[in-house]
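Trainee: Following this message is one structure expressed as structure tokens.
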Amino acid sequence: MGDPEKDSNMGMLEEKLLIKNISGINGDEEEAAKKEVGQVHGSAAAAGTTASHTSWRRCLRTFTEEVKRVGYLAGPMVAVTFSQYMMQVISIMIVGHLGKLALSSTAIAVSLSGVTGFSILLGMAGALETLSGQAYGAEQYHILGNQTRTAIFCLNLCCLPLSLLWLNVEKLLILAGQDPLISHGAGKFAKHLIPSLFAYATLQPLIRFFQMQSLVVPMLVSSIATLLFHIPVCWMLVYKSGLGNLGAALAINLSYWVNVIFFALYIKFSPVCTKTWGHISMEMFNGVGEFFRFAVPSAMMVCLEWWSYELLVLLSGLLPNPQLETSVLSVCLSTIGTLYTIPYGLGAAGSTRVSNEIGAGNPRAAQVAVYATVFLTIAETSIVSTSLFFGRRAFGYIFSDDKEVVDYVTRMAPLVCLSVILDSVQGALSGIARGCGWQHIGAFVNLGAFYLCGIPIAVVLAFWVKIRGMGLWIGIQSGAFVQNLLLAIITSRINWERQASKARERIFEGSYSTDSGLF
73 MGDPEKDSNM GMLEEKLLIK NISGINGDEE EAAKKEVGQV HGSAAAAGTT ASHTSWRRCL
133 RTFTEEVKRV GYLAGPMVAV TFSQYMMQVI SIMIVGHLGK LALSSTAIAV SLSGVTGFSI
193 LLGMAGALET LSGQAYGAEQ YHILGNQTRT AIFCLNLCCL PLSLLWLNVE KLLILAGQDP
253 LISHGAGKFA KHLIPSLFAY ATLQPLIRFF QMQSLVVPML VSSIATLLFH IPVCWMLVYK
313 SGLGNLGAAL AINLSYWVNV IFFALYIKFS PVCTKTWGHI SMEMFNGVGE FFRFAVPSAM
373 MVCLEWWSYE LLVLLSGLLP NPQLETSVLS VCLSTIGTLY TIPYGLGAAG STRVSNEIGA
433 GNPRAAQVAV YATVFLTIAE TSIVSTSLFF GRRAFGYIFS DDKEVVDYVT RMAPLVCLSV
493 ILDSVQGALS GIARGCGWQH IGAFVNLGAF YLCGIPIAVV LAFWVKIRGM GLWIGIQSGA
553 FVQNLLLAII TSRINWERQA SKARERIFEG SYSTDSGLF
């Protein structure tokens with residue numbers, strides 16, 4: 073509403089000017105009237121400018137606070153992801169000193185376990201980033217415990233057929249034409265690794281339980297403690313127990329279960345989890361259908377991308393000089409895998425903030441969380457990719473002393489830097505997709521980007537254009553570019569109000585809508 077006194081003054085001044093125009097009175101009064109009009113307009117403009125500055129300051133303050141919240145979550149999530157990734161890397165490094173056969177069989181077994189087991193469970197657990205995150209935002213705290221127990225039950229159920237697959241790894245590798253000795257060693261390692269599958273199926277839902285509540289300290293402490301536990305235990309079991317490389321499998325089993333026990337003890341004795349964990353009841357089985365509705369596309373979203381990179385290594389073995397090509401691609405993939413823990417942590421933080429705010433019915437705050445996540449991602453990828461590019465020569469020597477390999481890695485470095493950028497953006501946008509519950513959209517995006525675009529381009533460039541390993545990498549990054557483009561378009565078209573409304577309907581009324589909440 074306007075100021076009555078200002079409105080009155082403006083009316084009087086307009087009347088004076090009108091009288092002057094009609095009767096031709098003295099100009100002094102006209103000048104005085106104009107001066108008063110200018111003063112009134114000036115004060116109104118100043119008030120508008122002040123309001124505009126205040127609004128901008130408020131927006132900047134809101135954005136800065138959200139950046140801090142996302143950063144507070146992202147740091148520990150990066151540490152958690154990095155610790156879990158390094159457990160397997162360190163196990164392979166320790167086994168590597170036993171000889172080529174032990175190293176080859178262990179590396180193949182670890183790679184296969186990731187493709188046929190851990191990737192599926194990791195993807196399925198992503199359903200909780202939608203379900204539990206939005207429930208916590210809506211202050212329906214009692215739902216979190218039930219959803220976590222439902223996820224643990226469902227994931228352990230899925231471990232049964234996966235275990236049967238792992239029991240037959242040796243036969244499958246021989247059928248695929250692998251060396252019988254390596255196949256036998258990989259098969260034995262996979263069999264001994266089966267207990268870790270059930271531990272992982274329990275661990276991932278527990279991580280989401282803490283993540284969705286922003287309880288970062290227990291996650292950080294348990295992950296670092298588990299990694300510190302794993303290193304000496306793995307070394308002792310490999311070299312002092314007489315188990316050889318099978319000791320590494322046993323160490324991985326023990327480490328995952330130690331992590332699970334730590335979380336279980338924290339939930340049992342910490343008052344922080346009292347209102348969210350609740351009591352075990354038959355109610356957990358009521359959510360099985362809803363969990364699988366989100367878990368299956370979530371697993372597809374993760375696996376389709378993960379498997380495309382594994383396929384790249386298999387294709388490299390068909391190139392001329394396969395030893396060189398496979399070695400270089402393995403170096404590049406190891407680098408990307410290690411560095412991806414950073415954007416994955418940022419994406420997990422963004423997923424948490426977006427799902428919490430959507431569940432709370434705060435669409436504007438969810439949108440700010442997206443901006444904050446993207447801002448931190450751009451900052452992170454700028455630093456990492458620039459550092460990697462300028463240190464590209466030294467980067468090759470970290471993995472190999474072979475000059476041919478180092479030179480090839482140096483030539484590949486600009487493409488790897490591009491991969492870091494694309495992976496970082498994808499990690500953030502995928503996290504936002506999980507927070508919104510778009511796992512089904514993400515699955516279709518990854519299917520189209522990598523299998524209809526990336527892999528075909530990689531095959532053409534590597535085998536027809538004959539640029540070999542570089543062609544494979546350019547092809548897969550073409551797929552990653554399409555993936556980023558599609559996810560960015562989808563994210564920019566979100567109807568945040570509809571997303572919040574959808575989430576609250578599902579939480580409070582139990583209704584499920586197929587409406588994506590876009591446009």
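FYI, the numbering for the sequence shown is 73 to 591, going by the numbering used here. Backbone N, C-alpha and C fix where the C-beta goes; we use that ideal spot for every residue, glycine too.
Does DSSP classify Lys243 as helix, strand or coil?
Mentor: DSSP places Lys243 in helix when its eight states are reduced to three.
Trainee: Pull up the distance between the alpha-carbon of Thr407 and that of Tyr272, whole angstroms please.
Mentor: When rounded, the distance between both Cα atoms is 24 Å.
Trainee: What is the residue span of the alpha helix (DSSP H) that Glu377 lies within?
Mentor: Residues 360-388.
Trainee: Is the CB-CB distance between Ser295 and Ala420 below 7 Å?
Mentor: Not a contact, by the Cβ cut-off of 7 Å.
Trainee: Flag this pair as yes or no: are the beta carbons of Leu635 and Asn518 separated by less than 7 Å?
Mentor: Residue 635 cannot be examined here, being either before or after the span of the chain that is shown, 73 to 591.
Trainee: Could you tell me the alpha carbon to alpha carbon distance between Ala223 and Ile546, rounded to whole angstroms?
Mentor: Between Ala223 and Ile546, the C-alpha separation is close to 38 Å.
Trainee: Classify Pro391 as helix, strand or coil using the three-state DSSP reduction.
Mentor: Residue identity differs from the one stated: residue 391 is Leu in this sequence, not Pro. Correct three-state label for Leu391: coil.
Trainee: Let me confirm a value: Tyr204 is counted as buried when at least 16 other C-beta atoms fall within 10 Å, else exposed. Which label applies?
Mentor: A quick correction: the sequence has Ser, not Tyr, at residue 204. Flag for Ser204 reads buried.
Trainee: Would you mind reading off the limits of the alpha helix (DSSP H) that contains Tyr208?
Mentor: 199-209 is the extent of the alpha helix (DSSP H) around Tyr208.
Trainee: I'd like the list of long-range same chain contacts for Phe270, defined as Cβ closer than 7 Å, with 5 residues on each side in sequence excluded.
Mentor: Answer for Phe270: Asn228, Cys231, listed in chain order.
Trainee: In terms of residue numbering, what span does the alpha helix (DSSP H) encompassing Met484 cover?
Mentor: Counting along the chain, the alpha helix (DSSP H) containing Met484 begins and ends at 475-508.
Trainee: With a Cβ-Cβ cutoff of 7 Å, do Ala500 and Leu418 count as a contact?
Mentor: Yes.
Trainee: Relative to the C-alpha of Cys226, which residue among Val241, Leu253, Ala179, Gln276 is closest?
Mentor: Checking every option, the nearest Cα to that of Cys226 belongs to Gln276.
Trainee: Which parts of the region 138-207 are runs of the alpha helix (DSSP H), unbroken and 4 residues or longer, counting only runs that do not cross its ends?
Mentor: DSSP runs (the alpha helix (DSSP H)) wholly in the region 138-207: 172-185, 191-197.
Trainee: Which residue wins for smallest C-alpha separation from Tyr469, given the options Val481, Ile493, Gln439?
Mentor: Tyr469 has its Cα closest to that of Val481, out of Val481, Ile493, Gln439.
Trainee: Less than 8 Å between the CB atoms is what I'm expecting for Leu58 and Ile254, so what's the real figure, rounded?
Mentor: For residue 58 there is no data in the structure shown, the boundaries of the chain being 73 and 591.
Trainee: Rounded to whole angstroms, what's the CA-CA distance from Ala466 to Trp307? Just pull it up for me.
Mentor: Distance between the alpha carbons of Ala466 and Trp307 is about 28 Å.
Trainee: Does the Cβ-Cβ distance between His256 and Met159 come in under 7 Å?
Mentor: Taking 7 Å as the Cβ cut-off, His256 and Met159 do not qualify as a contacting pair.
Trainee: Does DSSP put Met558 in a helix, in a strand, or in coil?
Mentor: It should be pointed out that residue 558 corresponds to Leu in this sequence rather than to Met. Residue state, collapsed to three classes: helix.
Trainee: Tell me the residue span of the alpha helix (DSSP H) that contains Phe335.
Mentor: Where Phe335 is concerned, the enclosing alpha helix (DSSP H) stretches over 318-341.
Trainee: So Met291 is in the alpha helix (DSSP H); what residue range does that whole segment cover?
Mentor: Here the alpha helix (DSSP H) through Met291 covers 288-311.
Trainee: Would you grab the beta carbon distance between Ala560 and Leu544 for me? Rounded to a whole angstrom, and I think it's under 8 Å.
Mentor: Not really, about 25 Å apart at Cβ, beyond 8 Å.
Trainee: For Pro369, count neighbouring Cβ atoms within 10 angstroms of its own Cβ and tell me buried if that reaches 16, exposed if not.
Mentor: Burial call: buried.
Trainee: How should Gly503 be labelled, buried or exposed, when 16 other C-beta atoms within 10 angstroms of its C-beta is the threshold for buried?
Mentor: Flag for Gly503 reads buried.
Trainee: With 16 as the cutoff for other CB atoms within 10 Å, does Thr458 come out buried or exposed?
Mentor: So Thr458 counts as exposed.
Trainee: Measuring alpha carbon to alpha carbon, tell me which residue in Pro392, Thr410, Lys475 is nearest Met538.
Mentor: Reading off the sequence, residue 538 comes out as Lys, not Met. Here the closest residue by C-alpha is Pro392.
Trainee: Let me know if Asp479 comes out buried or exposed under the rule of 16 or more other beta-carbons within 10 Å of its beta-carbon.
Mentor: Classification of Asp479: exposed, given that the 10 Å Cβ count is below 16.
Trainee: Among Thr449, His264, Gly507, Glu397, which one has its Cα closest to the Cα of Met484?
Mentor: The option with the nearest alpha carbon to Met484 is Glu397.
Trainee: What's the gap between the Cα of Asn218 and the Cα of Leu487?
Mentor: Cα to Cα, the separation comes out at about 45 Å.
Trainee: Can you look up Val400 in the DSSP assignment and give me helix, strand or coil?
Mentor: Val400 falls in the helix class under three-state DSSP.
Trainee: Does DSSP put Gly433 in a helix, in a strand, or in coil?
Mentor: Of the three classes helix, strand and coil, the one that applies to Gly433 here is coil, per DSSP.
Trainee: Do the CB positions of Leu494 and Ala552 come within less than 7 Å of each other?
Mentor: Taking 7 Å as the Cβ cut-off, Leu494 and Ala552 qualify as a contacting pair.
Trainee: Pro569: buried (16+ other C-beta within 10 angstroms of its C-beta) or exposed?
Mentor: Looking at the sequence shown, residue 569 is not Pro but Glu. By the 10 Å Cβ count, Glu569 comes out exposed.
Trainee: Take Ile579 and list the residues in its own chain whose beta-carbon comes closer than 8 Å to its own, dropping the five residues that flank it on each side.
Mentor: So the list reads Gln206, Ala207, Ala210, Gln212, Ile215, Gly431, once near-sequence residues are dropped.
Trainee: For Phe190, which residues of its own chain have a beta-carbon under 7 Å away from its beta-carbon, when the five flanking residues on both sides are left out?
Mentor: Counting only Cβ-Cβ distances below 7 Å, and skipping sequence neighbours, we find Tyr272.
Trainee: Using the rule of at least 16 other Cβ atoms within 10 Å of the residue's Cβ for burial, across every protein chain shown, is Ser436 buried or exposed?
Mentor: In the sequence as presented, Ser is not what sits at residue 436; that position holds Arg. By the neighbour-count rule (16 or more Cβ atoms within 10 Å), Arg436 is not buried but exposed.
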